[in-house]
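Peer 1: Take a look at this one; I'll ask things after.
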Ligand SMILES: [Zn+2]
Ligand SMILES: [Zn+2]
């Protein structure tokens, strides 16, 4: 069975590539947000119907498709479908037709890549040695669609043992796939802090408790978590994003509220870092006679790519795309990704699909983001190759 030959069947891809690009443009014109992606879901389901691929809704707007054998350990391929609340400024002929919404993170391209791979795999279904589960999820940009889909059984029946996701990468040239094994993306942990002092006349600070001075000390001290308590070769980010407090120039502020994010790469250190932050904030506030109240809203876990599986995927992709088109990313990203919930449960990895080429501009999450659509073919081939060739390692 010469499947490496099959995967580079130019005649088949010559039909799929323009078809997938057309799908991507249709999705691009009508971005939907968060978990509310009914139109995109309906489009995906109608295409799966056309392709004769069995599918079902797993959560309200999440879709599971199945290709190949019905039993045995499965490989899952994941695409996300949601856009961002950004006003598009690209002036592309297929730019967003919905004001204030844009596919600025490339999830339209991910959905098209997965449909392209699905069409290819359906054509070669009898060659598949293991079931291939297709996962189309909403809500990646928040509040998260992966966890509810896991809780609704996407990893069961057939049991998933390996998983791969695609994400566009505006730092890599088109045609290239980047891989990162081990810790790859961070856990974002949102915090809300209230520092409470006691108001009074600005001329008599001794008669009150200045919440602003206490807040300033808290902000400064928090940075020592990164500089003095964290292994200096492992990234950790503490960012205060907002600070609000006070009334006027001659009044002691009785309260300051602050919000921010703590980005952590190490799953095993996550809780202890958050505990230390809370203790430090509280102790420093006390040192200034104020009180601190902290509320955490923990986000996705860190994404840790399985080392052995990622190396196996790299060897498959090198044969399919050529060794120079598969690169190892040296640094993890402090961004977040809810595929991390899947990577906590099965051997998983992320394919960073390069999108820089003629016509491309800006980076993801910007209003002017344009990707080179050649990336859609690369992503589709990569997903299909991994599903077909990366057996149960
Ligand atoms: Zn994004
Ligand atoms: Zn994204």
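Residue numbers (the working numbering): -15 to 377.
Each residue gets a CB set at the ideal place from its N, CA and C atoms; glycine is no exception.
Given the structure is predicted, the values throughout are model-derived calculations rather than measurements.
Are residue 202 and residue 210 close, meaning C-beta to C-beta below 8 Å?
Peer 2: The residue given as residue 202 occupies position 218 in the chain shown. The residue given as residue 210 occupies position 226 in the chain shown. Taking 8 Å as the Cβ cut-off, residue 202 and residue 210 do not qualify as a contacting pair.
Peer 1: Using a threshold of 7 Å, is the CB atom of residue 72 nearer than that to any non-hydrogen atom of ligand 2?
Peer 2: Taking the first residue of the chain shown as 1, we reach residue 72 at position 88. No, Cβ of residue 72 sits at least 7 Å from all heavy atoms of ligand 2.
Peer 1: Please determine whether the Cβ atom of residue 295 lies at a distance below 7 Å from any heavy atom of ligand 2.
Peer 2: Residue mapping note: residue 295 aligns to position 311 of the chain shown, counting from 1. Because no heavy atom of ligand 2 lies under 7 Å away, the Cβ of residue 295 does not count as near it: no.
Peer 1: Between the Cα of residue 327 and the Cα atoms of 131, 17, -8 and 100, which residue gives the shortest distance?
Peer 2: Numbered from its first residue, the chain shown carries residue 327 at position 343. Answer by Cα proximity: 131.
Peer 1: Would you please state the rounded distance, in angstroms, between the beta carbons of residue 180 and residue 271? I believe it to be under 8 Å.
Peer 2: Here the question's residue 180 lines up with position 196 in the chain shown. Here the question's residue 271 lines up with position 287 in the chain shown. So it is not a contact: roughly 14 Å between Cβ atoms.
Peer 1: Please indicate yes or no: does the CB of residue 16 lie closer than 7 Å to some heavy atom of ligand 2?
Peer 2: Taking the first residue of the chain shown as 1, we reach residue 16 at position 32. Answer for residue 16: no, Cβ out of range of ligand 2.
Peer 1: Please report the residue range of the beta strand (DSSP E) in which residue 384 lies.
Peer 2: With the chain covering only -15 through 377, there is no way to say anything about residue 384.
Peer 1: Quick check on the DSSP output: the beta strand (DSSP E) that includes residue 172 runs from which residue to which?
Peer 2: Looking up residue 172 in the chain shown gives position 188. Looking at the DSSP string, the run of the beta strand (DSSP E) that includes residue 172 is 171 to 180.
Peer 1: Along the chain, where does the alpha helix (DSSP H) containing residue 320 start, and where does it finish?
Peer 2: Your numbering for residue 320 matches position 336 in the chain shown. Segment: none, residue 320 is in no alpha helix (DSSP H) and carries neither H nor E.
Peer 1: Would you kindly work out how many angstroms separate the C-alpha atoms of residue 315 and residue 178, rounded to a whole number?
Peer 2: For the purposes of this step, residue 315 is taken as residue 331 along the chain shown, with counting starting at 1. For the purposes of this step, residue 178 is taken as residue 194 along the chain shown, with counting starting at 1. Each residue's Cα considered, the two are about 35 Å apart.
Peer 1: DSSP state of residue 250, grouped into three classes?
Peer 2: Here residue 250 is taken as the residue at index 266 of the chain shown, counted from 1. Correct three-state label for residue 250: coil.
Peer 1: Ligand 1 and residue 348: does the residue's C-beta get closer than 7 Å to at least one heavy atom of that ligand?
Peer 2: Residue numbering aside, residue 348 sits at position 364 when the chain shown is read from its first letter. It does: the Cβ of residue 348 is within 7 Å (strictly closer) of some heavy atom of ligand 1.
Peer 1: Would you list, in sequence order, the uninterrupted alpha helix (DSSP H) runs of no fewer than 4 residues that lie entirely inside the stretch 79 to 155?
Peer 2: Taking only runs of at least 4 residues, the alpha helix (DSSP H) segments lying wholly in the stretch 79 to 155 are 91 to 107 and 130 to 135.
Peer 1: For my contact list, residue 378 and residue 150 are in at a C-beta cut-off of 8 Å; report their separation, rounded to the angstrom.
Peer 2: No statement about residue 378 is possible, as the shown extent of the chain runs from -15 to 377 and does not include it.
Peer 1: Less than 7 Å separating the Cβ of residue 125 from some heavy atom of ligand 1?
Peer 2: The count along the chain shown starts at 1 and reaches residue 125 at position 141. Flag set: Cβ of residue 125 near ligand 1.
Peer 1: Could you spell out the range, first to last residue, of the beta strand (DSSP E) harbouring residue 39?
Peer 2: Locating residue 39 in the chain shown gives position 55, counting from the first residue. Here the beta strand (DSSP E) through residue 39 covers 38 to 43.
Peer 1: Roughly how many angstroms lie between the CA atoms of residue 72 and residue 110, to the nearest whole one?
Peer 2: Here residue 72 refers to the residue found at position 88 when the chain shown is read from its first residue. Here residue 110 refers to the residue found at position 126 when the chain shown is read from its first residue. Their backbone Cα atoms lie some 43 Å apart in a straight line.
Peer 1: Can you tell me whether residue 76 is buried or exposed? The criterion is at least 16 other CB atoms within 10 Å of its CB, across all chains shown.
Peer 2: To locate residue 76, count along the chain shown from 1; it is residue 92. Exposed, by the Cβ-count rule.
Peer 1: Within the present structure, is the beta-carbon of residue 64 separated from the nearest heavy atom of ligand 2 by less than 7 Å?
Peer 2: As a working mapping, residue 64 is identified with position 80 in the chain shown. Residue 64 Cβ: within cutoff of ligand 2.
Peer 1: If I measure Cβ to Cβ from residue 361 and keep anything under 6 Å in the same chain, skipping five residues before and after, which residues do I get?
Peer 2: On the chain shown, position 377 is the one that residue 361 refers to. If we look at residue 361 and ignore the five residues flanking it on each side, its Cβ neighbours are 1.
Peer 1: Taking the beta strand (DSSP E) that residue 279 falls in, what are its first and last residues?
Peer 2: Taking the chain shown and counting its residues from 1, one reaches residue 279 at position 295. Segment 275 to 282, the beta strand (DSSP E) holding residue 279.
Peer 1: What are the boundary residues of the alpha helix (DSSP H) that residue 27 is part of?
Peer 2: For the purposes of this step, residue 27 is taken as residue 43 along the chain shown, with counting starting at 1. 22 to 35 is the extent of the alpha helix (DSSP H) around residue 27.
Peer 1: For residue 205 versus residue 240, is the C-beta distance shorter than 8 Å?
Peer 2: If you number the chain shown from 1, residue 205 lands on position 221. If you number the chain shown from 1, residue 240 lands on position 256. No; because the gap between Cβ atoms is not below 8 Å, this pair is not in contact.
Peer 1: Below 7 Å, is the gap between the Cβ of residue 90 and the nearest heavy atom of ligand 2?
Peer 2: As a working mapping, residue 90 is identified with position 106 in the chain shown. Residue 90: yes, Cβ under 7 Å from ligand 2.
Peer 1: Where does residue 362 sit, in a helix, a strand or coil, going by DSSP?
Peer 2: By one-based count along the chain shown, residue 362 stands at place 378. Of the three classes helix, strand and coil, the one that applies to residue 362 here is helix, per DSSP.
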